[in-house]
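So the protein lines, in turn, are chains A and B.
Residue 181 is where the first sequence ends in UniProt numbering, and the numbering goes up by one at each step.
Residue 467 is where the second sequence ends in UniProt numbering, and the numbering goes up by one at each step.
The beta-carbon is built from N, C-alpha and C at its ideal position, and this holds for glycine as well.
On a predicted model such as this, the values are computed, not experimentally measured, just so you know.
A short write-up of the structure that comes next.
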Amino acid sequence: MQSNKYNDLLDRLENEELEVELGAEVYQQLLAIYLYQNKLANAKLLWMRIPDKLKEDKELLHLNQLNVALQNNNFAEFFQKIRYDWSECVKPAMEDLLVKQREDLLTLAGNAYVSIYQNNLLKMAQMTEDELKNAASALDWTRELNGDDVIWLPKAKETPPTGGNDDQLLKLTEFVTFLEN
Amino acid sequence: MGSALENFVNQVRTMSASGSFRELADDLPESVSLLARNWSILDNVLETLDVQQHTLGVLYVLLAKLHSAATANPEPVQIIQLMRDFVQRNNVEQLRFAICAFYETCHLFTDYLVQKNLSILGIKIMARAVDQIRQMDTQLTPIHADLCLLSLKAKNFNLVLAYLDTDITDISTAAAECKTQQQQQSQHTDANNDAKYFLLFYYYGGMIYTAVKNYDRALYFFEVCITTPAMAMSHIMLEAYKKFLMVSLIVEGNVSGSERVSFVQTNLYLSCLYLQIAFIPKNTQVIGRFMKPMASHYHDLVSVYANSSSEELRILILKYSEAFTRDSNMGLAKQVATSLYKRNIKRLTKTFLTLSLSDVASRVQLSGAAEAERYILNMIKSGEIYASINQKDGMVLFKDDPEKYNSPDMFLNVQTNITQVLDLVKQINKMEEEIILNPMYVKKALGSQDDDLTSQHPKTYSGDPTD
Numbered sequence: 001m002q003s004n005k006y007n008d009l010l011d012r013l014e015n016e017e018l019e020v021e022l023g024a025e026v027y028q029q030l031l032a033i034y035l036y037q038n039k040l041a042n043a044k045l046l047w048m049r050i051p052d053k054l055k056e057d058k059e060l061l062h063l064n065q066l067n068v069a070l071q072n073n074n075f076a077e078f079f080q081k082i083r084y085d086w087s088e089c090v091k092p093a094m095e096d097l098l099v100k101q102r103e104d105l106l107t108l109a110g111n112a113y114v115s116i117y118q119n120n121l122l123k124m125a126q127m128t129e130d131e132l133k134n135a136a137s138a139l140d141w142t143r144e145l146n147g148d149d150v151i152w153l154p155k156a157k158e159t160p161p162t163g164g165n166d167d168q169l170l171k172l173t174e175f176v177t178f179l180e181n
Numbered sequence: 001m002g003s004a005l006e007n008f009v010n011q012v013r014t015m016s017a018s019g020s021f022r023e024l025a026d027d028l029p030e031s032v033s034l035l036a037r038n039w040s041i042l043d044n045v046l047e048t049l050d051v052q053q054h055t056l057g058v059l060y061v062l063l064a065k066l067h068s069a070a071t072a073n074p075e076p077v078q079i080i081q082l083m084r085d086f087v088q089r090n091n092v093e094q095l096r097f098a099i100c101a102f103y104e105t106c107h108l109f110t111d112y113l114v115q116k117n118l119s120i121l122g123i124k125i126m127a128r129a130v131d132q133i134r135q136m137d138t139q140l141t142p143i144h145a146d147l148c149l150l151s152l153k154a155k156n157f158n159l160v161l162a163y164l165d166t167d168i169t170d171i172s173t174a175a176a177e178c179k180t181q182q183q184q185q186s187q188h189t190d191a192n193n194d195a196k197y198f199l200l201f202y203y204y205g206g207m208i209y210t211a212v213k214n215y216d217r218a219l220y221f222f223e224v225c226i227t228t229p230a231m232a233m234s235h236i237m238l239e240a241y242k243k244f245l246m247v248s249l250i251v252e253g254n255v256s257g258s259e260r261v262s263f264v265q266t267n268l269y270l271s272c273l274y275l276q277i278a279f280i281p282k283n284t285q286v287i288g289r290f291m292k293p294m295a296s297h298y299h300d301l302v303s304v305y306a307n308s309s310s311e312e313l314r315i316l317i318l319k320y321s322e323a324f325t326r327d328s329n330m331g332l333a334k335q336v337a338t339s340l341y342k343r344n345i346k347r348l349t350k351t352f353l354t355l356s357l358s359d360v361a362s363r364v365q366l367s368g369a370a371e372a373e374r375y376i377l378n379m380i381k382s383g384e385i386y387a388s389i390n391q392k393d394g395m396v397l398f399k400d401d402p403e404k405y406n407s408p409d410m411f412l413n414v415q416t417n418i419t420q421v422l423d424l425v426k427q428i429n430k431m432e433e434e435i436i437l438n439p440m441y442v443k444k445a446l447g448s449q450d451d452d453l454t455s456q457h458p459k460t461y462s463g464d465p466t467d
């Protein structure tokens, strides 16, 4: 549901782009939505087709830096750059993006690390120690001390098992009948 | 001068009114040169015609306008507006009588926009044109290629992807259309252009998919392009072949890029053998004889890739960078290099359960543990490998794919795949039926049988009743 939030706006803007010349603001919005929806290839192409004279727009430049950071999976850079005084038209998208990326990063860390130094994680996520502590305890991670360094032992998120439903059973029955005939 | 144009207008009006569109379509090609000569007053002509009622007349005026664009130098905005108006309001039934002219108009319009650097404004118009003229959603028309070209030039693929995602089951060619319309095609279209637009569609399509990083589909498009039966090599095929080699390394890098390539080549040889038996032009020799020598850099790349040495690959790419840049394939070459690192890491997962990060780095020739960690993290993120990193000991643990094939998501996945396959079976059955019922095919199939039989029993079938 969440990622559909901007779809209507996106459709409208994409349509607009095919018919008239756009100003910097529309490009900002488009770029921000692409970033939020994680359509990095689209964002890259959009940047490539933005007319040169608009590329000097500060906010567009900044958005593109975010895109480059995301493409390279450079988390530290991304979280640094997203701290910016965004204008009204992209602000909501940027706030959502920040929340989403934080969440994704922590899920990723949960999946990819058995143990990770707090320093590294702080650097990646650009969070303060307290923020991290709260987020980590919400995820049920454990803390360990190794000399002076703090090490986090993340826990992989378990996806809740969802049982089959009638609809699926129906489909299965259909296949079986198909195979039998 | 004026009276000739008046005649033209009168002809269009009376014949359109009486509904004799076929005759009108047959006559109109002769007036193109007349119209083009009078480019300066074509706007007046347009005013006397109505797009809806006199679609054919307007079409030819547009054609003439585009033909004379070089000399007349009209306002781009005006041309675009005219085309937009035309595709929105024309009468498709009338248009069908002059499909060739319509295709030509679209091609010229596309060229014009590309020249004026206004491609983005034409995407919608061409998409609308495709919608109008194709008889079903899965039909390929020559103007598909124009749509792709405009999208590529404008770097805007939102609209075109829907057209590329539909699998093609039928092809509308200018040659076939002209034949049914019994037009004099010599002055209009060259039959060779059909092949050109077919190849271009798949070449551009492949490029578009590469740009949006849908490499599987891109590979498929390039494959169609290079496996098209042909007597001679087209440069479109050559370029597609180069890109095909690179994309196949990126896609199949994790399995075995070079295997895939040689697999396709053997496949080609086999299909050629088969095709020769079926009396269809010899094809793959084209690849072996013409394309391979002309794409030697790319073949070197494939063979070095197979050695799994990132260092060697890097040196080779550097060595050939000029050639790759000339072909605009440098970006792909860099991605090939990255894919080799990934492939090598992936191979480690098959041998080791745990490995220190610095070991990973030295085995895949990365600069250090930190870089290795970065690669592994990215690969975990994109789901290419399953592993967990232990920063405390500097080790990485490789795991098996946790998919147990018992989740609803997987079920949905399987389900969509089954539906696709079932649809495909239906489609193949339908097409086979069409071929079996095709009189030409029946005649030929029976004919060859006749030959066999006549040689054995000369008098059994003395005459074919259909002859």
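* **S407/B - DSSP class collapsed to helix/strand/coil** => Coil at S407/B, not helix or strand.
* Asked: Does the beta carbon of S87/A come closer than 9 angstroms to any beta carbon on chain B?
  -> No, S87/A does not count as interfacial toward chain B.
* Pair within 9 angstroms by beta-carbon distance, Y27/A and L60/A -> In contact: Y27/A and L60/A (Cβ atoms closer than 9 angstroms).
* Measure the C-alpha to C-alpha separation of Y441/B and I168/B and round it to an integer number of angstroms. => Those two C-alpha atoms are separated by around 22 angstroms.
* **D96/A vs K5/A beta-carbon contact at 9 angstroms** => Yes, the Cβ-Cβ distance between D96/A and K5/A is below 9 angstroms.
* Asked: So which residues of chain B does R143/A contact, with C-beta pairs closer than 9 angstroms?
  -> Contact note: R143/A does not reach chain B at a C-beta cutoff of 9 angstroms; the least C-beta distance is about 13 angstroms.
* Going by other Cβ atoms of all chains shown within 10 Å of its Cβ, with 16 needed for buried, is L353/B buried or exposed? -> Counting Cβ neighbours within 10 Å, L353/B comes out exposed, since fewer than 16 surround it.
* Asked: Which residues in the same chain have their Cβ closer than 8 angstroms to the Cβ of A327/B, if we skip the five residues on either side of it in sequence?
  -> According to the sequence as given, residue 327/B is Asp; it is not Ala. Once the five neighbours on either side are set aside, the close Cβ partners of D327/B are E239, K242.
* **Member of M126/B, H67/B, E384/B, K443/B whose CA lies at the smallest distance from the CA of D85/B** => Among M126/B, H67/B, E384/B, K443/B, the Cα nearest to that of D85/B is on M126/B.
* Short check: CB of Q132/B to CB of S172/B, under 9 angstroms? -> Going by C-beta atoms, Q132/B is not nearer than 9 angstroms to S172/B.
* To do: Assign D146/B to buried or exposed, taking buried as 16 or more other Cβ atoms, counted over all protein chains shown, within 10 Å of its Cβ.
  => It counts as buried.
* To do: Check the Cβ-Cβ distances between N156/B and every residue of chain A, and say whether any is below 9 angstroms.
  => Residue-level contact check: N156/B touches chain A, since one or more beta carbons of chain A fall below 9 angstroms from its beta carbon.
* Asked: Are any of the Cβ atoms in chain A nearer than 9 angstroms to that of Q415/B?
  -> Nearest CB-CB separation between Q415/B and chain A: below the 9 angstroms threshold.
* For the beta strand (DSSP E) holding W141/A, just list the boundary residues, first then last. => Premise fails: W141/A is in no beta strand (DSSP E) and is neither H nor E.
* Coil, strand or helix - N146/A by DSSP -> Strand, per DSSP.
* Check whether the Cβ of T189/B lies closer than 9 angstroms to any Cβ atom in chain A. => At T189/B the pLDDT is 47, less than 50, meaning the model places this residue with poor confidence; the figure from the coordinates comes in the next sentence. Contacts with chain A at 9 angstroms (Cβ-Cβ) do not include T189/B.
* Which chain A residues sit within Cβ distance under 9 angstroms of F411/B? -> By Cβ distance, chain A contributes G164, Q168, K171, L172.
* Can you list, in chain order, the residues of its chain whose CB lies under 6 angstroms from that of residue 471/B, leaving out five sequence neighbours each side? -> Nothing can be reported for residue 471/B, as the shown portion of chain B is limited to 1 through 467.
* Asked: Is any heavy atom in the ligand GDP found nearer than 8 angstroms to the beta carbon of V224/B?
  -> The ligand GDP is not part of the structure shown, which contains no ligands of any sort.
* Asked: If you measure from the beta carbon of N120/A to each beta carbon in chain B, is any gap under 9 angstroms?
  -> Contacts with chain B at 9 angstroms (Cβ-Cβ) include N120/A.
* Residue-level contact to chain B via CB, R49/A, 9 angstroms cutoff -> Closer than 9 angstroms to some Cβ of chain B, the Cβ of R49/A qualifies, so yes.
* Please work out which residues of its chain come closer than 7 angstroms, Cβ to Cβ, to V224/B, disregarding the five sequence neighbours upstream and downstream, and give them in chain order. => So the list reads Y202, once near-sequence residues are dropped.
* Just the chain A side, please: which residues come within less than 9 angstroms of A211/B by C-beta, in chain order? => A41, K44, L45, listed in chain order.
* To do: Determine, using beta carbons only, whether Q391/B comes closer than 9 angstroms to chain A.
  => Yes - at least one Cβ of chain A is within 9 angstroms of the one on Q391/B.
* To do: Specify the secondary structure class of S367/B as computed by DSSP and reduced to three states.
  => Secondary structure at S367/B: coil, using DSSP grouped into helix, strand and coil.
* Asked: Are the C-beta atoms of V114/A and some chain B residue less than 9 angstroms apart?
  -> Yes, V114/A counts as interfacial toward chain B.
* Asked: Is there contact between the stretch 330–345 of chain B and the stretch 314–321 of chain B, where contact requires at least three CB pairs shorter than 8 angstroms?
  -> By the C-beta criterion, the stretch 330–345 of chain B is judged to be in contact with the stretch 314–321 of chain B, since at least 3 inter-stretch pairs fall below 8 angstroms.
* T141/B by DSSP, collapsed to three states: which one? -> Reduced to three states, the DSSP call for T141/B is coil.
* Asked: Can you name the residues of chain B whose CB is closer than 7 angstroms to the CB of I129/A?
  -> Correcting the residue type first, residue 129/A is Glu in the shown sequence and not Ile. The contacting residues do not exist; E129/A stays about 17 angstroms from chain B at best.
* Asked: Can you find a C-beta in chain B that's less than 9 angstroms from the C-beta of I33/A?
  -> Not closer than 9 angstroms to any Cβ of chain B, the Cβ of I33/A fails to qualify, so no.
* Asked: If we cut at 9 angstroms on Cβ distances, does F175/A have a partner in chain B?
  -> Yes - at least one Cβ of chain B is within 9 angstroms of the one on F175/A.
* Asked: Can a CB atom of chain B be found closer than 9 angstroms to the CB of N181/A?
  -> Using a Cβ-Cβ cut-off of 9 angstroms, N181/A does not count as an interface residue toward chain B, since no Cβ of chain B sits closer than that to its own.
* To do: Whole angstroms is fine: what's the gap from E312/B's alpha carbon to A306/B's?
  => Taking the straight line joining both Cα atoms gives about 11 angstroms.
* To do: Consider the Cβ of R217/B: report whether some Cβ of chain A lies at a distance smaller than 9 angstroms.
  => Chain A, which has no Cβ nearer than 9 angstroms to the Cβ of R217/B, makes this no.
* Using a C-beta to C-beta distance shorter than 8 angstroms, which residues of chain B count as neighbours of N111/A? -> Listed along the chain, the chain B residues whose CB falls inside 8 angstroms of the CB of N111/A are I380, S388.
* Using a beta-carbon distance cut-off of less than 7 angstroms, what residues from the stretch 65–80 of chain A approach chain B? -> Of all residues in the stretch 65–80 of chain A, the ones placed with a Cβ closer than 7 angstroms to any Cβ belonging to chain B are N73, in chain order.
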